[in-house]
Structures are given as structure tokens and as C-alpha cells.
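Q:
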Amino acid sequence: MAVKPKPRTILEPLAESAVDSNNSPIKSLALCKLPDDQTLIYVGTLSGALLLYSLRIPQSAHREIAFIKRISLPVSGSGSSLSSIHPLVHIGKVMVVCDGYLFLLDTSLLEPAKRISLFKGVTAFSRKYRSQRYSSNLYTNGRSQTNNVYNNGNNVESSNLFAIGIGKKLVLAELILSGSLVIQKEIQGVLDGIITTLLWVDDSIFVGTKTGYYLYNCMNGRCGLIFSLPDSSSVPRLKFLVKESRVLLMVDNIGIIVDTEGQPVGGSLVFKEAPDSVREIGSYVVAARNLTVELYQKRTGCCIQRFTVGDGGGGPCVLADEENENGKLVAVATSLKLICHGKVSGEEQIKDLLRKKSFKEAISLVEELENEDEMTKEMLSFVHAQVGFVLLFNLHFKEAVDHFLLSENMQPSELFPFIMRDPNRWTLLVPRNRYWGLHPPPTPLENVIDDGLTAIQRAVFLKKAGVESAVDDEFLLNPPSRADLLQSAIENMIRYLQACRERDLAIAVREGVDTLLMYLYRALNRVEDMERLASSENSCVVEELEALLNDSGHLRTLAFLYAGKGMSSKALSIWRILARNYSSSSYHKDQSEETDIQDPSRKFTCGRENAALEATKILEESSDQDLVLQHLGWIADINQMLAVQILISEKRINLLSPGKPNNEHENKSSYL
Numbered sequence: 018m019a020v021k022p023k024p025r026t027i028l029e030p031l032a033e034s035a036v037d038s039n040n041s042p043i044k045s046l047a048l049c050k051l052p053d054d055q056t057l058i059y060v061g062t063l064s065g066a067l068l069l070y071s072l073r074i075p076q077s078a079h080r081e082i083a084f085i086k087r088i089s090l091p092v093s094g095s096g097s098s099l100s101s102i103h104p105l106v107h108i109g110k111v112m113v114v115c116d117g118y119l120f121l122l123d124t125s126l127l128e129p130a131k132r133i134s135l136f137k138g139v140t141a142f143s144r145k146y147r148s149q150r151y152s153s154n155l156y157t158n159g160r161s162q163t164n165n166v167y168n169n170g171n172n173v174e175s176s177n178l179f180a181i182g183i184g185k186k187l188v189l190a191e192l193i194l195s196g197s198l199v200i201q202k203e204i205q206g207v208l209d210g211i212i213t214t215l216l217w218v219d220d221s222i223f224v225g226t227k228t229g230y231y232l233y234n235c236m237n238g239r240c241g242l243i244f245s246l247p248d249s250s251s252v253p254r255l256k257f258l259v260k261e262s263r264v265l266l267m268v269d270n271i272g273i274i275v276d277t278e279g280q281p282v283g284g285s286l287v288f289k290e291a292p293d294s295v296r297e298i299g300s301y302v303v304a305a306r307n308l309t310v311e312l313y314q315k316r317t318g319c320c321i322q323r324f325t326v327g328d329g330g331g332g333p334c335v336l337a338d339e340e341n342e343n344g345k346l347v348a349v350a351t352s353l354k355l356i357c358h359g360k361v362s363g364e365e366q367i368k369d370l371l372r373k374k375s376f377k378e379a380i381s382l383v384e385e386l387e388n389e390d391e392m393t394k395e396m397l398s399f400v401h402a403q404v405g406f407v408l409l410f411n412l413h414f415k416e417a418v419d420h421f422l423l424s425e426n427m428q429p430s431e432l433f434p435f436i437m438r439d440p441n442r443w444t445l446l447v448p449r450n451r452y453w454g455l456h457p458p459p460t461p462l463e464n465v466i467d468d469g470l471t472a473i474q475r476a477v478f479l480k481k482a483g484v485e486s487a488v489d490d491e492f493l494l495n496p497p498s499r500a501d502l503l504q505s506a507i508e509n510m511i512r513y514l515q516a517c518r519e520r521d522l523a524i525a526v527r528e529g530v531d532t533l534l535m536y537l538y539r540a541l542n543r544v545e546d547m548e549r550l551a552s553s554e555n556s557c558v559v560e561e562l563e564a565l566l567n568d569s570g571h572l573r574t575l576a577f578l579y580a581g582k583g584m585s586s587k588a589l590s591i592w593r594i595l596a597r598n599y600s601s602s603s604y605h606k607d608q609s610e611e612t613d614i615q616d617p618s619r620k621f622t623c624g625r626e627n628a629a630l631e632a633t634k635i636l637e638e639s640s641d642q643d644l645v646l647q648h649l650g651w652i653a654d655i656n657q658m659l660a661v662q663i664l665i666s667e668k669r670i671n672l673l674s675p676g677k678p679n680n681e682h683e684n685k686s687s688y689l
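Residue 645 in our numbering sits at position 628 of the sequence shown, with consecutive numbering throughout.
Dropping the structure here:
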């Protein structure tokens, strides 16, 4: 079962302005983003006034909504409500519905409004939206792209085609260059009730009346009822969900999501009350009721954010969005106030949760944004690394490495300072990347743990005094020991470096990974892992490990390293010493079975024979006759068959001189 998301801030206020509506309720609101990054805001009132505001969002300056102009449309009668506003950015026009008439204006409201006299008694209006999927099919099938002249966002294409509801009649019309509407088709006698809302998407026109929702197919001319509404139902509302190319049908407080064919998809959205206005931003549906605005996550249906428009005056508030898949603005208007809210980026939301040390919520949000495709691959990699470092400094080593492994762009060298103190051979390889600056500079793991334990002790003391802290409750209730933390830290660093060995790394970085991996193996005395790494193909830097392995007594590992780097003489000297030590100590008292690292199927009864075998492997390939003579004797004393194997080996490039090694060996005394 999916975890219910916790409330968080999705929208934050950017700027606001008083609304000069003469106490007339707001009936309509629309946003129009221009190419120069200016956003025009149109406000329509019950009295028929159209107000124009402008918003610019500079990089670093005071944001404000500027009042531009106010006009009154030439209509007769007192009930001249401006019911809807439709910006047509691609032709620099705005279409509005007021008192049942259509008016065409320029975007800046500089020219007189033009009333389109062909239509009267208009009850609903919609321009045609084209989804990305529909447009792709048009290109693929080679069909005409007429009217497809402007891309209003990534997933909505604008056209000059419109659906107009006039009572029970549905009219399809096209706007021509002269500014007139030409009727393309009229549909009558198929709808029960007056058309109150319209939405034209691709080849489907959704029609809402008091009795229900209908779907008219422009291709075959069929019109059918898809949802019936009860007599007591509130006014039907339609909203095109741009991001998913789906349609939201409101039935009281229930939002039913359907595809462009009218088929329900996914779950429904259940609002607290029937909303007065519904809009969309990214993966969220924004609903307003009275002066309360709520954001619902489409995927889960959960309410993520709720806020109230204070001092907004009486009456409901109206919402507007950019009708754009990547839209970042939502406007809220009341009879007294106009407020523009901006979407808080996913990175900022995660950053805020990490500052609060709400790690589980931050991780959940990362996964959510990834599922919703709201985060680029590069940013996702960056965020995983940042989350990992914050978790590491808060002693959650396993979780930290889990995120490091998910960060494709993170370099293994970023963790080198946690394993080996600076300065060292790899200091200059470490990128000085502090990400969002939410964690301290890199420092050895011992220091990280000591600082973390100090913070836990301080938090325990503060909790006793009644003061809350950001330290995890699990650490407060059961403080970990330094030894356990250090082991966990090393084990998880090993896990990360082991995974990095599979990546295509620069030579210097690969040397660091293998060398520091050997350091960590030795710290936990993982002898088998040390010998396995040393005896296989690796990039360990021998001079960085010689003293460490020699002092700690891990001579077998050092011998494997020497052999792998072509330092045969040093490797053979160690195997000779080990053979002598095995002979003089425990061989006769406590025989033990050992395994050949390079051939696990082969077992040996003592370390003495194993040392001779490893030396044999080296000498079989060596063409250095003096080296062979130097070590042949002690190997023969342990196992004469191994000595013969060395002499007759065909693995070496240059064969030994006939007779010389045998003659020399006959004069050698025992080496052990």
C-alpha cells in the first residue's frame, strides 16, 4: 500500500494586488504568458468590467502585480456578467463571453472591443486543444495540420477552431484573419438541457448540461451521454488536465478523470466540498471553495496543501492557470484581492525537508517526483547524492549508500576523504562539490561518528529538559554505540566501492577505489575479501598498501598484490617466509585445511603446501633462471612434484637452459 503523502508547500505567494472591482464579484480569471516572460492577468466581473494586470518575475527584484487597464464592454442591461475569458496568444487576441455575446479584443486592450454579432445567447465557449498524442498521430498519418499554428506549452497546441454553446445548440466555428467567426457545423436536437460548459480536445467535444455530460465525436458525428447528473447536482464543470491529456468532469464534490474518449481512467478525486473553481498545476489539481484553496495530488487523490485567502472579501474566489504542462503560476482572485502563486520546485521542497531532517518524507518526495517525471535525470542524480550526504552525516549509512548508488553522476572520489585523511595521493581528484550546502565538508568517518554521537547526547539532554531536537527518535530511544556505527559505516562504504568497480572509471579513480577498498577490508579484518581482491585483476597502488599490510601481518594479501603487479621476487620472498613460519609453528600440532584462492575447488592440508603452490604458480611463468634457482630448493623440500612442474612448465615465454636448474638443485641443501 502506498504511503499517504504528508502536507507540504506546493504553491507559495509571489505577488498580490488590490482589485478595483467596485465591489462586484469576480466571475472569470485568465492568465496569458507572453514570449517576453511577462504574464498578463485578465479579471472579469459580474458587472461586465474587464481588468488587465501584468506580472513579471525577475531573477532578483521585488515582484509586483501592476494594474494596466480597465474597460467596460458595450453590452446592454444590468446582468452583463463577464462569464469567461480565453486568451489567444498565437494571434495576439483575447476572446471573452459577456452577457451572452462574444467579444474579440487585442491582448493589451488598446483597441475597441469587437462584438461578434453572428452569435447571441452564448452559454458556453471552448477553443480546441490538441494533445501531444493527437498531434503526433497527425504527423505520422500525414494528415493536415491546419490551424495548428501555436504551441502553448509542451502538451497543448492552440488552433483557431472553437466550440460554442447557444442554449441547446452546439456550434463549431473557425476564426479567420478578419476577426470574424465562420460557422463550420451546427449540432441540434441531441442534447438534453442548456449547455453550460464545453471542452474541445482532439476530436472529442465534452458538453455539460444540467442533466449530464455528453461526448460529441467530430469524426463520426456521434453524440452520446457519458454521465448523468442527479437533479440536485451542482453546476457541471470541465477541466482539461494538460499533463496527462485527460479530462476532469465534476459531479458535486467528485472529480471523475476520463480519457479523450470519455472512458474513466485511474481513481476519482474527492474534494471536501463542491469547488467553485478548478485548475491544474503539474501533478496537482487546484480547487477553490469560498476563500479556501486546496491542492490534490492526481495520482493518490490526497490533499497535499490547503491555504486560505485572507482579507479576500465576500463571495467565492476564482482560479486561473497557464494551461501548460510546465506551468508554474496559479492566480487567485476575490472581489478585493488578486494573488499570484508560484509553484515551489521539487528541489526546493526536498531541500526544505532535508533542512528539517524529515528524511523519510524527502525520500518519498524524490520517488514521487521521479514517478511523475517532474525531475530531470541530471537533477535526480544530484538530489540522490545530496540526500545521501545528509543521511551520512546523520549516521544513516545504509540509506546514504542506497542513494549514492542511485546517483549516476556522483563520483566515487567524493567519498575518498571519508576513508583516508587529506592530503593523500587522491586529494586533487576529489570534486569540491557541496551540492546545496546542507552538509559539512567531508571528514573521516571517525569524525562523522563522533560528531553525530555528540549531537545525540545533546539531544537526549535537551529532551529531558522538554526541548525538541532534529535528531531521530530511534537514536534518542536507543543510542547506538561508536563501534556499531563504525562497523556499519565501513561495511556500507565497502558496498559502494564494490559497486563502483563495475563502472567505467578514470585510471586514477579506479586506483583509489581498489586501494581504499583494501583499506576498508583490512579495517574489518575481512581476510578472504582482501586476498580475493589482491589475487584478482585490480588497480591497487602497492606502495600505498605495503606498510599497512606488512605491519598488520597480512602477508598473503601482500604477496598476491606483488605477484599481480609483476613484482615476482618480493612475492616469492613472502611465500618462502610464510612456508618457514608454517613449518616452525602449527603445522605438526594442528593441521588445517586451506583453500586455493584462485581455484576454490582445490584444498590443501597445510599452509606450508599452499605457500609452495602459490610460489610455483609464479615460477611456472618466470623465465628468470636465477629466480627459479633461488626458490626451487625450498619448494622441492615441501613437494617434489611441484618442483618438477616448475622445471617442465611450458607457460613461460623463454624455456630454461637444459640441465642447469637440475644440476644446481642437486647441490642445494634443505631450505627449511
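Heads up, the beta-carbon is just placed ideally off N, CA and C, and yes, glycines get one too.
Name the one or two DSSP bridge partners that residue 111 has.
A: 104, 122
Q: In the structure shown, what three-state DSSP assignment does residue 30 receive?
A: strand
Q: Look at residue 455 and residue 407 and say whether their C-beta atoms are less than 8 Å apart.
A: yes
Q: So residue 180 and residue 189 are in contact, right, with Cβ under 8 Å, and what is the actual spacing, rounded?
A: 6 Å
Q: When you compare the CB positions of residue 631 and residue 668, do they come within less than 8 Å of one another, or not?
A: Taking 8 Å as the Cβ cut-off, residue 631 and residue 668 do not qualify as a contacting pair.
Q: Can you tell me where the alpha helix (DSSP H) holding residue 421 begins and where it ends?
A: Note, residue 421: alpha helix (DSSP H), 414-423.
Q: Output yes or no for whether 8 Å exceeds the beta carbon distance between residue 147 and residue 53.
A: no
Q: Using DSSP bridges, identify the partner residues of residue 355.
A: Beta-bridge partners of residue 355 (DSSP): 34, 350.
Q: By the DSSP assignment, the beta strand (DSSP E) with residue 221 in it spans what residues?
A: Counting along the chain, the beta strand (DSSP E) containing residue 221 begins and ends at 221-225.
Q: To the nearest angstrom, how far is it from the Cα of residue 645 to the Cα of residue 658?
A: 15 Å
Q: Any idea what DSSP makes of residue 211, helix, strand or coil?
A: In the structure shown, residue 211 falls within a coil segment according to DSSP collapsed to helix, strand and coil.
Q: Considering only the beta carbon of each residue, do residue 233 and residue 273 sit closer than 8 Å?
A: no
Q: Determine the contact status of residue 422 and residue 513, defining contact as a CB-CB distance below 8 Å.
A: Yes; because the gap between Cβ atoms is below 8 Å, this pair is in contact.
Q: Just to confirm before moving on: does the CB-CB distance between residue 244 and residue 216 stay below 8 Å?
A: no
Q: Taking residue 310 as part of the beta strand (DSSP E), name the residues at either end of that continuous run.
A: 309-314
Q: So, do the region 562-576 and the region 534-550 have three or more beta carbon pairs nearer to each other than 8 Å?
A: yes
Q: Excluding the five sequence neighbours on either side, which residues of its own chain have a C-beta within less than 8 Å of the C-beta of residue 626, listed in chain order?
A: Around residue 626: 655, 656.
Q: Suppose the cutoff is 7 Å on Cβ atoms and the five residues either side in sequence are ignored; what does the same chain contact list for residue 29 look like?
A: 358, 359, 361
Q: Classify residue 172 as helix, strand or coil using the three-state DSSP reduction.
A: Reliability of the predicted coordinates at residue 172 is poor, the pLDDT of 40 falling under 50, and the value obtained from them is presented with this limitation in mind. Of the three classes helix, strand and coil, the one that applies to residue 172 here is coil, per DSSP.
Q: List the endpoints of the continuous beta strand (DSSP E) containing residue 133.
A: 131-133
Q: If you compare alpha carbons, which of 69, 503, 27, 26 is closest to residue 37?
A: 69
Q: Could you compute how far the alpha carbon of residue 211 sits from the alpha carbon of residue 200?
A: 20 Å
Q: Measuring alpha carbon to alpha carbon, tell me which of 484, 269, 435 ends up nearest residue 692.
A: The structure shown does not extend to residue 692, since the chain is modelled only from 18 through 689, so no value can be given for it.
Q: Leaving aside the five residues before and after residue 553 along the sequence, list all residues of the same chain whose C-beta is less than 6 Å from its C-beta, in chain order.
A: Taken in chain order, the list of residues that qualify is empty.
Q: How is residue 435 classed by DSSP in three states: helix, strand or coil?
A: helix
Q: Could you tell me how far apart the beta carbons of residue 295 and residue 302 are, in whole angstroms, since I believe they sit closer than 8 Å?
A: 6 Å
Q: Would you mind working out which of 99, 101, 183 sits nearest residue 136, comparing C-alpha positions?
A: 183
Q: Between the C-alpha atoms of residue 394 and residue 299, what's the straight-line distance to the nearest angstrom?
A: 18 Å
Q: Within the continuous alpha helix (DSSP H) that includes residue 234, where are the two ends?
A: Unbroken run through residue 234 is the beta strand (DSSP E), 229-234; no alpha helix (DSSP H).
Q: Could you have a look at residue 285 and say whether DSSP puts it in helix, strand or coil?
A: Collapsing the DSSP output to three states places residue 285 in coil.
Q: Within a Cβ cutoff of 8 Å, which residues of the same chain sit near residue 318, ignoring the five residues on either side of it in sequence?
A: 284, 285, 286, 287
Q: Shortest alpha-carbon distance to residue 600 belongs to which of 314, 628, 383?
A: 628
Q: Rounded to whole angstroms, what is the Cα-Cα separation between residue 209 and residue 117?
A: 20 Å
Q: Between the Cα of residue 308 and the Cα atoms of 24, 242, 42, 426, which residue gives the shortest distance?
A: 42
Q: Please list, in chain order, all residues of the same chain as residue 585 whose beta carbon is under 7 Å from its beta carbon, the five residues on each side excluded.
A: 635, 639, 644
Q: To which residues does DSSP link residue 59 through a beta bridge?
A: 47, 69
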